Amino acid sequence: MNLSELLVTQFHVSATDMKKAEEYQRRFGGRLEQILVNMGSLPDDQIPEIYSQYLNLPRVDMGEWADTPAPDINSNMLTLMLDQGWVPLASDNGSMTVVCKDPLDLSFNEFLASQDSETQIFIGTESEILTLSSRFEANTTDDDTFDFDAEEDKLREMASEAPTVNLLNSLITRALRQGASDMHLEPFEGRYRARFRVDGVLHEAEVLAPRMQLPIVTRLKILSGMDIAERRRPQDGKIEMRIANQELDIRVSSLPLNEGESMVMRFLRKDSVRYDMSVLGLSDDIRGLIEEDIKRTSGVVLLTGPTGSGKTTTLYTFLNALNNDGVKIITLEDPVEYQLEGVNQVQVNSDIGFTFAKGLRSIVRQDPDIIMLGEIRDNETAQIALQSALTGHLVFSTVHTNDAAGAYTRLLDLGVEEFLLNAALVSVVAQRLARKVCTHCAVSHPEKDALIEKYHLRTFADRFGMTEINLKQSTGCEKCANSGYKGRLAITEYLRCDDDIKAMPKDAEFVNRAKAHNAKLNRRTLIEDGLYKAVLGQTTIDEVLRVAG
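As numbered in UniProt numbering, residues 1 to 549 make up the sequence shown, in order.
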C-alpha cells in the first residue's frame, strides 16, 4: 500500500483533499503528509502513527523507556542527536536504539548511514521525545526544571521555541479531535501531565517532561494576555485562535500550586454547538411540559444543578426556540460564552461594579420580552428577577441546588418572600448530564436479568408504560476512544409550580411534600429519569448512579 492509499483508507483523508495535495506536490514539491497538514486535512499529531504504519516501524513504549536509565553516549554525538530531535534509548555492543518523530528526515538518514552500528528505530510524538530527552538533562545539569527566577526575556524566548509551540498545538489538536471540553495541565509526581475532560470525565492524555512546564505555562500566559512574571496569584485570560480548521475561543485559568502552576483551558467551539431541543436528550413527556412553560409571556423558569451540568446550554436552547424578529431577548451572563444571533448579550463586570443586580436593573429599562440571567446569587438579584416576571417579562435563570424543590428553599435562604415565589415561579428543572452509550460498540448487558431484579425495573417499566427493557453495555471502540460512551444527554427532574405547590407551606418539610406531589403526578426524580433512559438503552445504570445516585 502506497502512502496515498494509507492516508485515504486508514486516516480518513478525503479523496478530494488527496487530489489537491498530490497536484500541489507535483507543481511545487514537498512531502505529501506535510502538505495535508498545512491544508488542515490531516492532524499533525497523527504523523507519528502514519510513519509507524507506512514504514512498519514500532511506536515507542513510554512504559518501557521513560524510567530506563539514559545510555552512555559520546557527548558530541549526543548533542547532535538531541539538537535534531533524535533521542538515543539504548546503546550496547555496537548497536543503538533511537526514537525520532520523522524517520524520513534526510539528515536523520545521513546520520544513520554514517554509523557502523546497527540501529533500531522507534517512532515517537513530540511530547514523548521531549520526555525521553529530559533523562539526559537530569544527568548533566542540576535540577533547574522550575527556574522561576528566569528573566522575562528568557521566558518569552522559551515560550516561542518550536518544541513548545508544536507541543501545545499538538495537545490542543488532540483534545479537539477527542471532543474534549477542557484540557488540564498540572504538576504530578515530578512531571507535568495533560488531561482531557471528555463528556464530563477526565482522562490522562500525556505525561510531559518536567522541563516543559515553565515554557508551556509561559506560552499560555502570553497567548491569553496574563502576566508571565506573576506566579503567586491565580489569573484568568482568553485566547482566540484557529487550529485544526476550527475557530476557537479558549478560556484559560492559572492556579499556583506547591509544585508549580495548574493551567486549565476551556474550549468554546462556536461552530460545533447546536441549540436544539432534540439535542438535549429530554424525555418526551418532560420536553412537552417545558415547551408549554417557555411559551408563556411572563414568569420565571429556573434551572438547577451543579457546575458543569449543562444549565447554560439548556437556557440557550430555550432562547433559541423563542428567538424571532417579534421579540426582544436580553441576556446577562458571567461570562458570555457563545454568541447567539439576534440576542442582546451583556457581560457582568464586577471590577467596575457592574453586577448581576445592577445589570438587571438596566436590562428591565430596555423593554425586553425575555430575560436570561446567568445565575441568581443574592437577594437583590432574586428580588428584581421575580418582580420583573410579575411586570410582564419571561425570565430564565439558574440556581445551585441539588434538586428541583430545593430551588424554593435556596431562594427563601436568600431572603425572597414566599408570596413572591408563589406569584412568579412557573417551573423548576433540575439537570445532570449523563454520558450516552456509544452506538458503535454497545451490546446488550450480560447481567441484564440481575440488574432488572436489583433495581425493580419491571415495576418501573410498567409504571411509565415501557414495553421493553433494553439495558446496554459498551465495550469500547475507536469511535469512542475505548471509553464506551460518546456524547451526553440531560437527566432531568421537573417541578411545575401549580396551585398545589403554591398552597404548600415553604417550611422544612416542603421539599418532601413537593417530591410526594410529583410522584403522585407520575413525574420522575433525577435518578428515575436516569433509569428511564437506561431502560431505553440510551445510557447505562453505572453512569446514572455516577451522576445522580
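Glycine included, C-beta positions come from ideal geometry on N, C-alpha and C. In this text the structure is predicted, and so the values were computed from the model without any measurement.
Nearest-angstrom Cβ-Cβ length linking residue i and residue j, presumed shorter than 8 angstroms
i, j, result
"residue 491", "residue 432", "5 angstroms"
"residue 422", "residue 502", "4 angstroms"
"residue 114", "residue 82", "Actually they are not in contact, since the Cβ atoms of residue 114 and residue 82 sit about 17 angstroms apart, beyond 8 angstroms."
"residue 511", "residue 427", "16 angstroms between Cβ atoms; not a contact."
"residue 319", "residue 372", "6 angstroms"
"residue 394", "residue 297", "6 angstroms"
"residue 485", "residue 533", "With 8 angstroms as the limit, residue 485 and residue 533 do not qualify as a contact, their Cβ atoms being about 13 angstroms apart."
"residue 103", "residue 42", "The Cβ separation is near 17 angstroms, so there is no contact."
"residue 129", "residue 51", "With 8 angstroms as the limit, residue 129 and residue 51 do not qualify as a contact, their Cβ atoms being about 13 angstroms apart."
"residue 548", "residue 527", "5 angstroms"
"residue 159", "residue 218", "4 angstroms"
"residue 3", "residue 36", "Their Cβ separation, rounded to whole angstroms, is 10 angstroms, which puts residue 3 and residue 36 out of contact at 8 angstroms."
Strand pairing of residue i, partner residues [DSSP]
i, result
"residue 235", "254"
"residue 301", "396, 427"
"residue 119", "96"
"residue 192", "187, 208"
"residue 492", "431"
"residue 21", "Bridge partners of residue 21: none, in fact."
"residue 472", "444"
"residue 249", "240, 268"
Helix, strand or coil at residue i according to DSSP, with G and I counted as helix
i, result
"residue 206", "strand"
"residue 432", "strand"
"residue 169", "helix"
"residue 486", "strand"
"residue 142", "Confidence is the limiting factor: at residue 142 the pLDDT is only 42, short of 50, which leaves the residue's position unreliable and the question unanswerable from this model."
"residue 324", "coil"
"residue 228", "coil"
"residue 46", "helix"
"residue 535", "helix"
"residue 215", "helix"
"residue 530", "helix"
"residue 104", "coil"
"residue 450", "helix"
"residue 57", "coil"
"residue 306", "coil"
"residue 524", "coil"
"residue 88", "strand"
"residue 180", "strand"
Span of the alpha helix (DSSP H) around residue i
i, result
"residue 12", "Unbroken run through residue 12: none, as it is neither H nor E."
"residue 34", "32-39"
"residue 81", "75-83"
"residue 155", "152-160"
"residue 278", "277-280"
"residue 387", "379-390"
"residue 286", "284-294"
"residue 352", "Unbroken run through residue 352: none, as it is neither H nor E."
"residue 545", "541-548"
"residue 414", "Element bounds for residue 414: n/a, residue is neither H nor E."
"residue 502", "499-503"
"residue 70", "Run containing residue 70: none; DSSP gives neither H nor E here."
Residue burial classification, residue i (beta-carbon count within 10 angstroms, cutoff 16)
i, result
"residue 9", "exposed"
"residue 209", "buried"
"residue 182", "buried"
"residue 257", "exposed"
"residue 15", "exposed"
"residue 352", "exposed"
"residue 488", "buried"
"residue 241", "exposed"
"residue 506", "buried"
"residue 516", "exposed"
"residue 106", "exposed"
"residue 311", "buried"
"residue 48", "buried"
"residue 120", "exposed"
"residue 19", "exposed"
"residue 167", "buried"
"residue 28", "exposed"
"residue 445", "buried"
"residue 313", "buried"
"residue 284", "exposed"
"residue 365", "exposed"
"residue 140", "Caution applies to residue 140, whose pLDDT of 43 falls short of 50 and renders its modelled position unreliable; the value that the coordinates give is listed next. Residue 140 is exposed by the Cβ-count criterion."
Residue i - containing beta strand (DSSP E), residue span
i, result
"residue 329", "329-333"
"residue 510", "No beta strand (DSSP E) holds residue 510; the alpha helix (DSSP H) holding it covers 510-520."
"residue 362", "Looking at the DSSP string, residue 362 is not in any beta strand (DSSP E); the run it does join, the alpha helix (DSSP H), is 356-364."
"residue 339", "Neither: residue 339 is in no beta strand (DSSP E) and is coded neither H nor E."
"residue 372", "370-373"
"residue 268", "260-268"
"residue 344", "344-347"
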